[in-house]
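Visitor: In my numbering, the protein residues as written are 187 to 672. Every residue gets a Cβ at the ideal spot worked out from N, C-alpha and C, and that includes glycine. Quick one: the structure is below, and I'll ask about it shortly.
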Ligand SMILES: Cc1cc2nc3c(=O)[nH]c(=O)nc-3n(C[C@H](O)[C@H](O)[C@H](O)COP(=O)(O)OP(=O)(O)OC[C@H]3O[C@@H](n4cnc5c(N)ncnc54)[C@H](O)[C@@H]3O)c2cc1C
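Here is the structure:
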């Protein structure tokens with residue numbers, strides 16, 4: 187064992203008793219994908235690192251109540267849906283199929299545990315000291331860690347704030363966490379709702395709606411805007427809505443929710459459309475998924491002089507430095523898309539900046555994914571953005587129904603849309619709805635990072651039969667309007 191780390195270990199055990207101040211090069215507050223990745227990269231670069239997490243488990247929203255558990259339930263529910271809807275056509279007869287929701291939730295919890303155990307291992311491997319408790323600034327270099335019964339202070343030359351976000355609500359809607367719930371409770375239901383009303387047609391609402399629709403719930407989505415997944419290319423929202431309608435979803439677009447009330451086991455949602463026409467819905471659960479807000483409560487930002495903007499996000503400059511030069515912030519708590527991989531990239535970026543390197547994040551090329559079925563994934567400019575920027579572009583659109591691989595798996599809904607610069611042929615945006623779009627988009631991201639033309643991809647060999655051939659075909663169409671299979 188490294189004698190220095192042995193000494194550090196001994197000091198850290200006795201530090202609180204003898205009021206010794208443990209000193210670190212870097213303290214990271216929050217252990218989500220931003221925080222733990224930043225901590226690991228700092229440690230790899232030779233810094234002495236502490237990570238502070240208020241919950242007894244590491245991993246933050248993503249690992250505990252976000253990306254990982256939602257995907258575990260999406261996978262389980264998809265198995266059930268396929269078993270009841272397409273197995274027969276595949277030649278598999280199953281009788282007496284039923285859902286055991288408790289087992290499904292138990293498996294999800296085990297998946298989360300495997301991931302949080304993995305993080306404990308990674309902290310040990312990288313000799314990162316883990317503090318459990320709420321971290322708050324005492325000054326620009328001192329952080330107090332408050333536990334239930336006691337507290338201690340540590341000193342850090344530099345701090346990375348990675349405290350993430352929490353669900354938002356609507357004015358007048360009180361989340362009781364029993365019948366009016368957020369995504370966190372929706373990941374832990376003990377029964378399959380009969381009628382789940384979802385406020386918000388964004389990514390989280392549609393993913394969790396998909397889980398329960400596949401398990402037999404009636405799912406109704408009430409959305410204020412005129413499209414679901416409205417920040418993505420409009421063609422994606424249109425196609426996804428068409429497919430989800432086939433799966434039994436109901437949609438009320440351009441409806442503003444005015445009240446949500448609980449009476450026993452019944453939730454009543456009141457809304458009205460643009461003309462003022464009233465809509466009253468009754469269900470047994472209402473999931474409020476109208477976005478998330480940055481989380482900075484109890485951080486003592488004022489004691490360190492760290493500023494927030496009008497939306498409550500920590501203000502950062504291009505180097506992700508806050509208004510205080512030795513304090514950085516990353517992930518959901520700052521501007522930008524609220525995605526785990528964006529937080530991770532920022533974690534690595536800040537660590538490398540601190541080490542004097544010159545890292546770079548191409549924010550425009552952060553892919554966005556919706557894990558419905560079919561999946562939706564996109565990177566780069568939407569068609570609407572290109573139009574409003576008056577950029578000349580050409581389009582290649584290849585449908586999955588023309589893909590041999592998609593026919594083999596009976597996943598023929600959706601398409602790949604490639605937008606390329608009209609004269610230079612550079613790929614400007616890729617928008618996919620279809621099977622395994624989340625994986626196919628990776629190729630588009632790499633292509634765009636290297637500023638590939640549509641012809642570059644069209645002339646690259648793609649294994650047959652694969653879903654990724656659809657990207658090649660869409661590039662052939664965008665580049666020279668000569669797809670082979672359509
Ligand atoms: C249901 C759901 C599904 C999602 N699915 C995806 C997905 O598929 N892909 C994707 O990219 N993103 C997904 N997201 C978003 C993703 O979870 C977040 O973007 C990501 O977790 C942000 O990482 P972060 O490190 O910034 O913060 P978080 O993961 O929120 O972590 C912040 C941590 O800081 C801790 N903390 C806060 N304050 C303090 C304090 N004062 N002291 C100590 N600790 C503190 C919190 O307890 C928390 O553990 C999903 C989110 C939800 C809710």
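Rounded to whole angstroms, what is the Cα-Cα separation between residue 639 and residue 571?
Guide: Counted from its first residue, the chain shown places residue 639 at position 453. Counted from its first residue, the chain shown places residue 571 at position 385. Cα to Cα, residue 639 sits roughly 19 angstroms from residue 571.
Visitor: Going by Cα to Cα distance, which pick from 377, 318 and 453 is closest to residue 406?
Guide: Mapped onto the chain shown, residue 406 falls at position 220. For residue 406, the nearest C-alpha among the options comes from 453.
Visitor: For residue 342, which residues does DSSP report across the bridge?
Guide: One-based indexing of the chain shown puts residue 342 at position 156. In DSSP, residue 342 forms a bridge with 210.
Visitor: What is the DSSP secondary structure of residue 255, reduced to helix, strand or coil?
Guide: On the chain shown, residue 255 is found 69 positions in, with the first residue counted as 1. Helix.
Visitor: Once the 5 residues before and after residue 234 are set aside, which same chain residues still bring their CB inside 6 angstroms of it?
Guide: As a working mapping, residue 234 is identified with position 48 in the chain shown. Around residue 234: 210 and 211.
Visitor: Going straight from the alpha carbon of residue 342 to that of residue 231, what length do you get?
Guide: Looking up residue 342 in the chain shown gives position 156. Looking up residue 231 in the chain shown gives position 45. Each residue's Cα considered, the two are about 16 angstroms apart.
Visitor: Assuming residue 500 and residue 510 make a contact with CB atoms under 8 angstroms, what is their CB distance in whole Å?
Guide: Mapped onto the chain shown, residue 500 falls at position 314. Mapped onto the chain shown, residue 510 falls at position 324. The pair is not a contact, with the Cβ atoms about 10 angstroms apart (cut-off 8 angstroms).
Visitor: Name the two residues that bound the continuous alpha helix (DSSP H) containing residue 219.
Guide: Position 33 of the chain shown, counted from the first residue, corresponds to residue 219. Taken as a continuous stretch (DSSP letters only), the alpha helix (DSSP H) holding residue 219 covers 219-230.
Visitor: So does the region 507-527 actually touch the region 583-590, counting three or more Cβ pairs closer than 8 angstroms?
Guide: Contact between the region 507-527 and the region 583-590 is absent, because fewer than three Cβ pairs lie under 8 angstroms.
Visitor: Return the Cβ separation of residue 513 and residue 326 in integer angstroms, given the expectation that the two are a contact with Cβ distance under 8 angstroms.
Guide: Walking along the chain shown from the start, residue 513 turns up at place 327. Walking along the chain shown from the start, residue 326 turns up at place 140. Sure, about 7 angstroms apart at Cβ, within 8 angstroms.
Visitor: Pull up the distance between the alpha-carbon of residue 273 and that of residue 286, whole angstroms please.
Guide: Within the chain shown, numbered from 1, the residue matching residue 273 stands at position 87. Within the chain shown, numbered from 1, the residue matching residue 286 stands at position 100. Cα-Cα distance, rounded: 19 angstroms.
Visitor: Output the residue ranges of the alpha helix (DSSP H) runs that lie fully inside the region 261-292 and measure 4 residues or longer, sorted by chain position.
Guide: Correct list: 273-276.
Visitor: Taking 7 angstroms as the cut-off, is the CB of residue 623 close to at least one heavy atom of ligand 1?
Guide: Here residue 623 corresponds to residue number 437 of the chain shown, with the count starting at 1. No, since every heavy atom of ligand 1 falls outside the 7 angstroms radius drawn around the Cβ of residue 623.
Visitor: Work out the CA separation of residue 568 and residue 583 for me, nearest whole Å.
Guide: Within the chain shown, numbered from 1, the residue matching residue 583 stands at position 397. Within the chain shown, numbered from 1, the residue matching residue 568 stands at position 382. Straight-line Cα distance between these residues: approximately 14 angstroms.
Visitor: May I have the straight-line CA-CA distance separating residue 643 from residue 600, to the nearest angstrom?
Guide: For this step, residue 643 is matched to residue 457 along the chain shown. For this step, residue 600 is matched to residue 414 along the chain shown. Near 20 angstroms, if we compare the C-alpha coordinates of residue 600 and residue 643.
Visitor: Report all residues from its chain with a CB closer than 6 angstroms to the CB of residue 386; omit the five preceding and five following residues, and keep chain order.
Guide: Walking along the chain shown from the start, residue 386 turns up at place 200. Cβ neighbours of residue 386 beyond the five flanking positions: 475 and 476.
Visitor: Which residue's Cα is closest to the Cα of residue 429: 646, 558 and 603?
Guide: Sequence index remark: in the chain shown, residue 429 carries index 243 (1-based). Out of 646, 558 and 603, 558 has the C-alpha closest to the C-alpha of residue 429.
Visitor: Compute the minimum distance between the beta carbon of residue 374 and the heavy atoms of ligand 1, and state whether it is under 7 angstroms.
Guide: Working through the chain shown from its first residue, we reach residue 374 at position 188. Result no, Cβ not under 7 angstroms from ligand 1.
Visitor: Please name the residue in 262, 309, 404 and 311 whose C-alpha comes closest to that of residue 290.
Guide: Start at 1 with the first residue of the chain shown, and residue 290 comes out as number 104. Minimum Cα distance to residue 290 is reached at 262.
Visitor: I'd like the ranges of any beta strand (DSSP E) spanning at least 3 consecutive residues and lying wholly in the region 464-489.
Guide: Correct list: 464-469, 471-474 and 478-480.
Visitor: At what residues does the beta strand (DSSP E) containing residue 528 begin and finish?
Guide: As a working mapping, residue 528 is identified with position 342 in the chain shown. Premise fails: residue 528 lies in the alpha helix (DSSP H), 526-540, not in any beta strand (DSSP E).
Visitor: Can you tell me which of the three DSSP states residue 627 falls into?
Guide: Counting from 1 along the chain shown, the entry for residue 627 is found at position 441. Residue 627 falls in the helix class under three-state DSSP.
Visitor: Mark residue 304 as exposed unless 16 or more other C-beta atoms lie within 10 angstroms of its C-beta, in which case mark it buried.
Guide: As a first step, residue 304 is located in the chain shown; it is residue number 118 there, counting from the start. Per the 10 Å Cβ criterion, exposed.
Visitor: Is residue 409 buried or exposed, if buried means 16 or more other CB atoms sit within 10 Å of its CB?
Guide: Residue numbering aside, residue 409 sits at position 223 when the chain shown is read from its first letter. So residue 409 counts as buried.
Visitor: For residue 617, name the three-state secondary structure that DSSP assigns.
Guide: As a working note, residue 617 is residue 431 in the chain shown. Three-state result, residue 617: strand.
Visitor: Tell me which same chain residues have a C-beta within less than 7 angstroms of the C-beta of residue 242, skipping the five on either side of it?
Guide: Here residue 242 corresponds to residue number 56 of the chain shown, with the count starting at 1. Around residue 242: 318.
Visitor: So the beta strand (DSSP E) residue 320 belongs to, where does it begin and stop?
Guide: Locating residue 320 in the chain shown gives position 134, where the first residue counts as 1. That run of the beta strand (DSSP E) goes 320-323.
Visitor: Residue 391 and residue 525 look like a contact to me (Cβ under 8 angstroms); what is the Cβ gap, rounded to whole Å?
Guide: Within the chain shown, residue 391 is the residue found at index 205, counting from 1. Within the chain shown, residue 525 is the residue found at index 339, counting from 1. Contact flag wrong, Cβ pair sits at about 16 angstroms.
Visitor: Taking DSSP as the reference, what is the three-state secondary structure of residue 650?
Guide: As a first step, residue 650 is located in the chain shown; it is residue number 464 there, counting from the start. The answer is coil: DSSP assigns residue 650 none of H, G, I, E or B.
Visitor: Name the residue from 577, 311 and 316 whose alpha carbon lies nearest to the alpha carbon of residue 216.
Guide: Here residue 216 is taken as the residue at index 30 of the chain shown, counted from 1. Ranking the options by Cα distance to residue 216, first place goes to 316.
Visitor: Could you give the uninterrupted runs of the beta strand (DSSP E) lying entirely in the region 543-584, keeping only those of 3 residues or more?
Guide: Segments of the beta strand (DSSP E) lying fully in the region 543-584: 554-556 and 561-566.
Visitor: Quick check: residue 533 and residue 224, are their CB atoms within less than 8 angstroms of each other?
Guide: Within the chain shown, the letter at position 347 stands for residue 533. Within the chain shown, the letter at position 38 stands for residue 224. Yes, they are a contact pair.
Visitor: Classify residue 542: buried if its beta carbon has 16 or more other beta carbons within 10 angstroms, exposed otherwise.
Guide: The count along the chain shown starts at 1 and reaches residue 542 at position 356. Label assigned to residue 542: exposed.
Visitor: Report the three-state DSSP secondary structure of residue 241 (helix, strand or coil).
Guide: Position 55 of the chain shown holds residue 241. Looking at residue 241 - three-state DSSP - the assignment turns out to be coil, as it is neither helix nor strand.
Visitor: Please look up how many angstroms separate the CB atoms of residue 440 and residue 412, rounded, as I've assumed it's under 8 angstroms.
Guide: Translated into the one-based positions of the chain shown, residue 440 becomes position 254. Translated into the one-based positions of the chain shown, residue 412 becomes position 226. 5 angstroms between Cβ atoms; contact.
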